[in-house]
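Peer 1:
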Amino acid sequence: MKWYERLQRIDNRILYVTLAVAVAIPAFARLRMPIPPTTETLGAYRAVESVPPGRLVMVHSTWDAGTIGECEGQCRAVIEHLMSRGKPFVIWTSNPASPPFYNRIIEETARRHGRVYGRDWVDFGYKVPGGAMAFGVQAMARDFPGYMKEDVRGTPVSQIPVLRNVRDARDFDLIVTIGYNPIGEFIQFVQAVYGTKVVFGIAAINSTTTYSYIDSKQIVGMLVGARGGAEYEVLVRRPGRGVQIIMAQSFGHLLIVVLVVLANVAAIAQRRAARRQSV
Amino acid sequence: MLKRRAIIIVTFVAGLYYLLEFLLPPRLGGSPDADGVEAATMVKSKLPGLSRTAWYLAYTGIRNDRRPVLMGMPLERRYVRTVLLAPAFNRHDDYRGCTRPQFVVPDRLYYIGLGWDDRTPRVCLAMMRDGRWQPRGDAVLREGKPGEPDASGIGWVSVQTRSEAVSEWRMWYVGRQGDVGTVCLAVSPDGLRWEKRGPVALAGMDGVSADCVNAVMTREGTVLWVLGHDASGERWVRTFLLTPDGRHARDRVTTVDAQIPPELDMQDLRIESSADGLQGLATLRDNAGKTRIAWLASPVEFPERRLVLRETSLVVPGSPPWSTVLSDVRGTVDDILVVIGAFAVGLGLIGLAQVHGKRVLALQKGWPESTAFFVAAIAMAAFTVYARLNPEAKTWGTKAYDLLFYGLLQPLGSSMFSLLAAYLVSAAYRAFRVRTFEGGLLAASATLIMLGQVPVGNWLTQNLPPYLQIPKVMAWVLFVSNTAVVRAVNFGIFVGALATALRVWLSMDRASMRSIE
Numbered sequence: 001m002k003w004y005e006r007l008q009r010i011d012n013r014i015l016y017v018t019l020a021v022a023v024a025i026p027a028f029a030r031l032r033m034p035i036p037p038t039t040e041t042l043g044a045y046r047a048v049e050s051v052p053p054g055r056l057v058m059v060h061s062t063w064d065a066g067t068i069g070e071c072e073g074q075c076r077a078v079i080e081h082l083m084s085r086g087k088p089f090v091i092w093t094s095n096p097a098s099p100p101f102y103n104r105i106i107e108e109t110a111r112r113h114g115r116v117y118g119r120d121w122v123d124f125g126y127k128v129p130g131g132a133m134a135f136g137v138q139a140m141a142r143d144f145p146g147y148m149k150e151d152v153r154g155t156p157v158s159q160i161p162v163l164r165n166v167r168d169a170r171d172f173d174l175i176v177t178i179g180y181n182p183i184g185e186f187i188q189f190v191q192a193v194y195g196t197k198v199v200f201g202i203a204a205i206n207s208t209t210t211y212s213y214i215d216s217k218q219i220v221g222m223l224v225g226a227r228g229g230a231e232y233e234v235l236v237r238r239p240g241r242g243v244q245i246i247m248a249q250s251f252g253h254l255l256i257v258v259l260v261v262l263a264n265v266a267a268i269a270q271r272r273a274a275r276r277q278s279v
Numbered sequence: 001m002l003k004r005r006a007i008i009i010v011t012f013v014a015g016l017y018y019l020l021e022f023l024l025p026p027r028l029g030g031s032p033d034a035d036g037v038e039a040a041t042m043v044k045s046k047l048p049g050l051s052r053t054a055w056y057l058a059y060t061g062i063r064n065d066r067r068p069v070l071m072g073m074p075l076e077r078r079y080v081r082t083v084l085l086a087p088a089f090n091r092h093d094d095y096r097g098c099t100r101p102q103f104v105v106p107d108r109l110y111y112i113g114l115g116w117d118d119r120t121p122r123v124c125l126a127m128m129r130d131g132r133w134q135p136r137g138d139a140v141l142r143e144g145k146p147g148e149p150d151a152s153g154i155g156w157v158s159v160q161t162r163s164e165a166v167s168e169w170r171m172w173y174v175g176r177q178g179d180v181g182t183v184c185l186a187v188s189p190d191g192l193r194w195e196k197r198g199p200v201a202l203a204g205m206d207g208v209s210a211d212c213v214n215a216v217m218t219r220e221g222t223v224l225w226v227l228g229h230d231a232s233g234e235r236w237v238r239t240f241l242l243t244p245d246g247r248h249a250r251d252r253v254t255t256v257d258a259q260i261p262p263e264l265d266m267q268d269l270r271i272e273s274s275a276d277g278l279q280g281l282a283t284l285r286d287n288a289g290k291t292r293i294a295w296l297a298s299p300v301e302f303p304e305r306r307l308v309l310r311e312t313s314l315v316v317p318g319s320p321p322w323s324t325v326l327s328d329v330r331g332t333v334d335d336i337l338v339v340i341g342a343f344a345v346g347l348g349l350i351g352l353a354q355v356h357g358k359r360v361l362a363l364q365k366g367w368p369e370s371t372a373f374f375v376a377a378i379a380m381a382a383f384t385v386y387a388r389l390n391p392e393a394k395t396w397g398t399k400a401y402d403l404l405f406y407g408l409l410q411p412l413g414s415s416m417f418s419l420l421a422a423y424l425v426s427a428a429y430r431a432f433r434v435r436t437f438e439g440g441l442l443a444a445s446a447t448l449i450m451l452g453q454v455p456v457g458n459w460l461t462q463n464l465p466p467y468l469q470i471p472k473v474m475a476w477v478l479f480v481s482n483t484a485v486v487r488a489v490n491f492g493i494f495v496g497a498l499a500t501a502l503r504v505w506l507s508m509d510r511a512s513m514r515s516i517e
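Taken in order, these protein sequences are the chains called X and V. In terms of our numbering, the numbers along the first sequence are unbroken and rise by one, the last being 279. In terms of our numbering, the numbers along the second sequence are unbroken and rise by one, the last being 517.
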């Protein structure tokens, strides 16, 4: 078998082991690479930063175990930013598997910054089924206390100090939605109707379809996959899981590029050899 | 047959409801200021549609289902209300509303436009041309940079034209940073190009927030009338005599006694100078939230100490619109659909239990997996309910929940997605062969995006010129070419979906109904 044939038929097991070794490199070697923020991440950061004191932010989180690699860094960085600046927020989800994941982050961050439930954040848990987001988001935006009714601890909205004057989506300055898919309903039924700013935190694979929303200013920022989380962590000066994951991902991507180049060089060599033989 | 007819009828009624609710405005007729009036100004001018020059009032008309507009009415004939300026699709700087006007004779109307991007208030300008107010395209003064006193926008404006004493146009405005308003100054040679000069030093303004500012020329110099509120929310009106440069207040600070009925709250205040003395127009809000514009006057005295109420309800909201019942029941219809959706989840569980239950009872092929389904579903449901009911407890029940959720479900979910990475490497290696020009383009853009998404792409090209750095090229690909393609695809998808939906809705696409029969 010629070298170019061998290079095109590498066994899958070798590929998998090489991938495992590549993504493990950053765990053993202390590598440092610059992570400059992109326009979309800066937009998200500035949106949180410009929320006036005392005004509310809504965080909608749908990530779970399957998307922990891409979305955990995003959620961690956004919660860190909100809590370090003392900007109160409400959090809720349309995925019943999500609350344990975001709650762990919130509790850890709140302990570090001395934040108090009910004053600095409120958790409404699982409220709207993922399949009924269009109806749920509309109803929630129109009459927040009427739709949410009570938080996960059973406290009515009217008795929660930070939500005392909240009526509809106008009372929120910013909505950050973090999950695998972009939740377009926040653009359709909240940003367009009430003017509330929206930031997406989504998986990288879904980001290509949402760049047009940044261009049209329907969303003010976007966190793209693990990269978005890592860049935001650097912006809030607390590098963590997002940075670890993006370093591992760097070597994974590099491996894919190297393999594609090798396979194409071998394929070109094979085509030339075949042409020579035919001549 | 009956089932099919029921589905068609329900689909038709629901579709008709949403179509009519979408096409018809929620409220029909009514005045553009039906839900509120605020921020008035007075001018002696000739407004569109009226034949002679007279005193006119301009104010912001509020309608909850529309964007705010500027309205005008002659003082003598208050029933004649005209829309002076309304937001338009082709103007970004006042796209979400025109508010808080100030006439500057002879032909200018400064106002606060609410911008397209995030409703950030900024100063816009309209000029009288051919008997109509023609807005300029862009704002004349915008919000400042983060950290500056006007970082969140400009909430109120008072413009003073060039005079014998002052060789430049001056604009005092309330810059907003979050909830805090600060009086600032900008100057201009022509009233069009403004340059910010920063906050005005006013004594006694520490810890308080300004809401409105009005500059009035007097014999002693420019006097600023400031409406503000302190930390407790209590409002006050104070006057400050400025130094000639307009940036500092002299020692003379006077608190003005505004004689407003105690049950009304003053929201804003515009002071106009006239031959009859100073005229004040204030927006008053009652306990029910209803607003009206009151007419006040300041007796000629120095320093100014009083604002006397001349008329409590100079302008009140206009005629209310008719409500369409369709929009009133929108919440109920939405709720019904959410409940139907929730039933579907329950039905899914029942269906699963039936399929797997039959298999277990008959010991058919795959019964161990079906048993595992029941064990997993019951264990997860039981321990989750237990952990929810006892959130603080540290018992075997909560430990079992932690084990199942964090020890089993989370790693299994992560593992399922992680497997994609291995398949991706294998698939990219085997399938990515460049055989055509288009294939080469695809491979090149994929490589760019893959390297641009990770720090290594930046690290590899950080010493190259910017236009060759991978993150910069990736940003261009994503923001320009990718965005154009996605928009084109989306247009196609939605036009196709609309056509298909119409076919199904009008029962033209009978194939989709056959399976139900």
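Heads up, the beta-carbon is just placed ideally off N, CA and C, and yes, glycines get one too.
Hey, is PRO262(V)'s beta-carbon within less than 8 Å of any beta-carbon in chain X?
Peer 2: Residue numbering aside, residue 262(V) sits at position 262 when the second sequence is read from its first letter. Not one chain X Cβ lies under 8 Å of PRO262(V).
Peer 1: If you drop the 5 nearest sequence neighbours on each side, which residues of the same chain put their C-beta closer than 6 Å to that of VAL236(X)?
Peer 2: One-based indexing of the first sequence puts residue 236(X) at position 236. Only ALA77, GLU80, HIS81 meet the Cβ criterion.
Peer 1: Let me know the secondary structure DSSP gives LEU192(V) once reduced to three states.
Peer 2: Residue numbering aside, residue 192(V) sits at position 192 when the second sequence is read from its first letter. Looking at LEU192(V) - three-state DSSP - the assignment turns out to be coil, as it is neither helix nor strand.
Peer 1: If distances are taken between C-alpha atoms only, which option among GLY43(X), ALA169(X), PHE144(X) comes closest to SER158(X)?
Peer 2: As a working note, residue 158(X) is residue 158 in the first sequence. Closest by alpha carbon: PHE144(X).
Peer 1: Kindly list, in the order they appear in chain V, the residues whose Cβ is closer than 9 Å to that of TYR16(X).
Peer 2: Position 16 of the first sequence, counted from the first residue, corresponds to residue 16(X). Simply ALA422, VAL425, SER426.
Peer 1: When DSSP builds the beta bridges, which residues end up paired with LYS44(V)?
Peer 2: Taking the first residue of the second sequence as 1, we reach residue 44(V) at position 44. LYS44(V) is bridged to TRP55(V).
Peer 1: Does the beta carbon of VAL434(V) come closer than 8 Å to any beta carbon on chain X?
Peer 2: Looking up residue 434(V) in the second sequence gives position 434. Closer than 8 Å to some Cβ of chain X, the Cβ of VAL434(V) qualifies, so yes.
Peer 1: In the structure shown, what three-state DSSP assignment does SER207(X) receive?
Peer 2: Taking the first residue of the first sequence as position 1, residue 207(X) is located at position 207. Three-state result, SER207(X): helix.
Peer 1: Return the CA-CA distance between GLY397(V) and GLU369(V), expressed in angstroms with no decimal places.
Peer 2: Within the second sequence, residue 397(V) is the residue found at index 397, counting from 1. Within the second sequence, residue 369(V) is the residue found at index 369, counting from 1. Distance between the alpha carbons of GLY397(V) and GLU369(V) is about 25 Å.
Peer 1: Is it buried or exposed for ILE154(V), if we count other Cβ within 10 angstroms and need 16 for buried?
Peer 2: In the second sequence, the residue the question calls residue 154(V) occupies position 154. Label assigned to ILE154(V): buried.
Peer 1: Of the choices SER188(V), ARG176(V), VAL480(V), GLY221(V), whose alpha-carbon is the least far from that of PRO199(V)?
Peer 2: For the purposes of this step, residue 199(V) is identified with residue 199 of the second sequence, where counting begins at 1. Among SER188(V), ARG176(V), VAL480(V), GLY221(V), the Cα nearest to that of PRO199(V) belongs to ARG176(V).
Peer 1: Any Cβ of chain V within less than 8 Å of the Cβ of ILE53(X)?
Peer 2: Taking the first sequence and counting its residues from 1, one reaches residue 53(X) at position 53. The amino acid occupying residue 53(X) in the given sequence is Pro; Ile does not appear at that position. Closer than 8 Å to some Cβ of chain V, the Cβ of PRO53(X) qualifies, so yes.
Peer 1: Here's the rule I'm using: 16 or more other beta-carbon atoms within 10 Å means buried, otherwise exposed. How should SER98(X) be labelled?
Peer 2: Reading the first sequence from its first residue, position 98 is the one you call residue 98(X). Label assigned to SER98(X): buried.
Peer 1: State the CB to CB distance for the pair GLY240(X) and GLU233(X), rounded to an integer number of angstroms; the pair is presumed to be in contact (CB under 8 Å).
Peer 2: What you label residue 240(X) is simply residue 240 of the first sequence in a count that begins at 1. What you label residue 233(X) is simply residue 233 of the first sequence in a count that begins at 1. With 8 Å as the limit, GLY240(X) and GLU233(X) qualify as a contact, their Cβ atoms being about 6 Å apart.
Peer 1: Here's the rule I'm using: 16 or more other beta-carbon atoms within 10 Å means buried, otherwise exposed. How should ALA29(X) be labelled?
Peer 2: Within the first sequence, numbered from 1, the residue matching residue 29(X) stands at position 29. When all chains shown are included, ALA29(X) counts as exposed.
Peer 1: Listing by chain order, which chain V residues have their CB less than 9 Å from the CB of ILE68(X)?
Peer 2: The residue labelled residue 68(X) in the question sits at position 68 within the first sequence. Within chain V, the residues near ILE68(X) are GLN410, GLY413, SER414, PHE417.
Peer 1: Where DSSP assigns a beta bridge to TRP156(V), which residues make up the other side?
Peer 2: Residue 156(V) sits at position 156 when you count from the first residue of the second sequence. Partner(s): VAL174(V).
Peer 1: In angstroms, rounded to a whole number, what distance separates the CA positions of GLU517(V) and PHE432(V)?
Peer 2: For the purposes of this step, residue 517(V) is taken as residue 517 along the second sequence, with counting starting at 1. For the purposes of this step, residue 432(V) is taken as residue 432 along the second sequence, with counting starting at 1. Bear in mind that the predicted position of GLU517(V) carries a pLDDT of just 49, short of 50, making it too unreliable to give a figure here.
Peer 1: Alpha carbons only, please: which of THR218(V), LEU264(V), LEU307(V) is nearest the one belonging to THR243(V)?
Peer 2: As a first step, residue 243(V) is located in the second sequence; it is residue number 243 there, counting from the start. Answer by Cα proximity: THR218(V).
Peer 1: From this set, LEU163(X), ALA24(X), ALA22(X), PHE200(X), which residue's C-alpha is nearest VAL59(X)'s C-alpha?
Peer 2: Position 59 of the first sequence holds residue 59(X). Considering only alpha carbons, the answer is PHE200(X).
Peer 1: Please confirm if the stretch 26 to 41 of chain X is in contact with the stretch 145 to 157 of chain X, defined as three or more CB-CB distances below 8 Å between the two stretches.
Peer 2: Touching, no.
Peer 1: If you measure from the beta carbon of LEU259(X) to each beta carbon in chain V, is any gap under 8 Å?
Peer 2: Here residue 259(X) is taken as the residue at index 259 of the first sequence, counted from 1. Cβ-Cβ to chain V under 8 Å: yes for LEU259(X).
Peer 1: Chain V beta carbons: is any one of them nearer than 8 Å to that of VAL265(X)?
Peer 2: Taking the first sequence and counting its residues from 1, the one referred to as residue 265(X) is at position 265. Not closer than 8 Å to any Cβ of chain V, the Cβ of VAL265(X) fails to qualify, so no.
Peer 1: Note down, in chain order, each residue of its chain lying with its Cβ closer than 8 Å to the Cβ of PHE479(V), except the 5 sequence neighbours on either side.
Peer 2: For this step, residue 479(V) is matched to residue 479 along the second sequence. Cβ within range, chain order: n/a, list empty.
Peer 1: Within the continuous alpha helix (DSSP H) that includes LYS197(X), where are the two ends?
Peer 2: The count along the first sequence starts at 1 and reaches residue 197(X) at position 197. Note, LYS197(X): premise wrong, no alpha helix (DSSP H); beta strand (DSSP E) at 197 to 202.
Peer 1: List the residues of chain X that VAL486(V) touches, going by C-beta distances under 8 Å, in chain order.
Peer 2: Along the second sequence, one-based indexing puts residue 486(V) at 486. Going along chain X in sequence order, the residues near VAL486(V) (Cβ under 8 Å) are THR208, THR209, TYR211, SER212.
Peer 1: Can you list, in chain order, the stretches of the alpha helix (DSSP H) that have 4 or more residues and sit fully within the stretch 126 to 206 of chain X?
Peer 2: With a minimum length of 4 residues, the continuous alpha helix (DSSP H) runs that stay inside the stretch 126 to 206 of chain X are 133 to 142, 144 to 148.
Peer 1: For the stretch 11 to 36 of chain V, which segments carrying the alpha helix (DSSP H) assignment without a break, of at least 4 residues, lie completely within its bounds, in sequence order?
Peer 2: If we require 4 residues or more, the stretch 11 to 36 of chain V turns out to have no alpha helix (DSSP H) run fully inside it.
Peer 1: Cβ of THR447(V) less than 8 Å from any chain X Cβ?
Peer 2: Translated into positions along the second sequence, residue 447(V) becomes position 447. Yes, its Cβ sits closer than 8 Å to a Cβ of chain X.
Peer 1: Can you list the residues of chain V that THR39(X) reaches, using a CB-CB cut of under 7 Å?
Peer 2: Residue mapping note: residue 39(X) aligns to position 39 of the first sequence, counting from 1. Near THR39(X) (Cβ distances below 7 Å), the residues of chain V are ALA475.
Peer 1: Report the three-state DSSP secondary structure of ASP215(X) (helix, strand or coil).
Peer 2: Counting from 1 along the first sequence, the entry for residue 215(X) is found at position 215. ASP215(X): helix per DSSP, three-state reduction.
Peer 1: Between MET247(X) and chain V, is any beta-carbon pair separated by less than 8 Å?
Peer 2: Counting from one through the first sequence, the residue named residue 247(X) turns up at place 247. Yes - at least one Cβ of chain V is within 8 Å of the one on MET247(X).
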